[in-house]
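Enquirer: This is the structure I have questions about; it appears just below.
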Amino acid sequence: MTQPAKRPEPQDNRRAIVRIMSREILEGLASLARLNGGDMIQLLVFTGIWSSNTRHLVASGRYAALHDIPPDSQRLPVPQPVLAAQLGIPGDIVARYVDQLVEAGMAERLPGGLVVPTAVFRRPDMMDGSNEFYSRVVQMVVALRGAAFQFGEDV
Numbered sequence: 136m137t138q139p140a141k142r143p144e145p146q147d148n149r150r151a152i153v154r155i156m157s158r159e160i161l162e163g164l165a166s167l168a169r170l171n172g173g174d175m176i177q178l179l180v181f182t183g184i185w186s187s188n189t190r191h192l193v194a195s196g197r198y199a200a201l202h203d204i205p206p207d208s209q210r211l212p213v214p215q216p217v218l219a220a221q222l223g224i225p226g227d228i229v230a231r232y233v234d235q236l237v238e239a240g241m242a243e244r245l246p247g248g249l250v251v252p253t254a255v256f257r258r259p260d261m262m263d264g265s266n267e268f269y270s271r272v273v274q275m276v277v278a279l280r281g282a283a284f285q286f287g288e289d290v
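For the sequence shown, this note's numbering gives the first residue as 136, with consecutive numbering after it.
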């Protein structure tokens, strides 16, 4: 009777993975910050709002295609104090950036909190930003695989 083949011990590649992830995250954020006038904090506040608005949709697989943007009716407002706590940024700083985003039409104040409206995501620069970020994610996955990172149940 033959014994099942033993799986080789995974190599300890954590430091390489941390380097790859850190570089790719920073480069990706820097490239997206240009949509916010090059301001990284504004990018974080803006991204904090819209990602909170659609957090409940992530696991459902709905609105997954590039042009299948969740309608305003599917966006859940995020209260400004909750946003500040999630980002770990003082409330007065978040308030300043929220004011700028609202004034620029990039966000709206609703009774339940802040929302980035669907129309913002239909803008050509936002579509380009989504495509660019997607390309960066693909590059990151290639780099992670090159460092012997394993995805899925094989980990």
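The C-beta atom is built at its ideal place from N, Cα and C for all residues, glycine as well.
These numbers were taken from a predicted model, which means no experiment stands behind them.
1) Output yes or no for whether 7 Å exceeds the beta carbon distance between Glu162 and Met275.
2) If I follow the unbroken beta strand (DSSP E) through Val250, where does it start and stop?
3) Is DSSP giving Arg258 helix, strand or coil here?
4) In three-state DSSP terms, what is Val193?
5) Under 7 Å, Cβ to Cβ, is there at least one residue of chain B near Phe181?
6) How long is the line joining the alpha carbons of Arg190 and Pro212, rounded to whole angstroms?
7) Our contact map puts Ser166 next to Glu267 with C-beta atoms below 8 Å; I'd like the distance itself, whole angstroms only.
8) With a cut-off of 8 Å on the beta carbons, I'd call Leu279 and Ile152 a contact; round off their distance for me.
9) Spatial neighbours of Val233 within its chain, please: CB distance less than 7 Å, with the 5 preceding and 5 following residues excluded, ordered by chain position.
10) Only counting the same chain, and skipping five residues up and downstream in sequence, which positions put a Cβ closer than 6 Å to that of Ala219?
11) Rounded to whole angstroms, what's the CA-CA distance from Val290 to Gly173? Just pull it up for me.
12) In or out: Gly183 buried (at least 16 other Cβ within 10 Å) or exposed?
Expert: By the coordinates alone:
1) Inclusion of Glu162 and Met275 in the CB contact set at 7 Å is not warranted, their separation being larger than that value.
2) Per DSSP, Val250 belongs to the beta strand (DSSP E) from Gly248 to Val250.
3) Residue state, collapsed to three classes: coil.
4) Correct three-state label for Val193: coil.
5) In the displayed structure, chain B is absent; only one protein chain is listed.
6) Near 11 Å, if we compare the C-alpha coordinates of Pro212 and Arg190.
7) A Cβ-Cβ distance of about 6 Å is found for the pair Ser166 and Glu267, placing them in contact under the 8 Å criterion.
8) About 6 Å; that satisfies the 8 Å criterion.
9) Excluding sequence neighbours, Val233 sits near Val180, Gln215, Ala242 and Leu249.
10) If we look at Ala219 and ignore the five residues flanking it on each side, its Cβ neighbours are Gly226 and Val229.
11) With a pLDDT of only 45 at Val290, under 50, the local geometry of the prediction cannot be trusted, and the value read off the model is given with reservation. The C-alpha of Gly173 is placed about 37 Å away from the C-alpha of Val290.
12) When all chains shown are included, Gly183 counts as buried.
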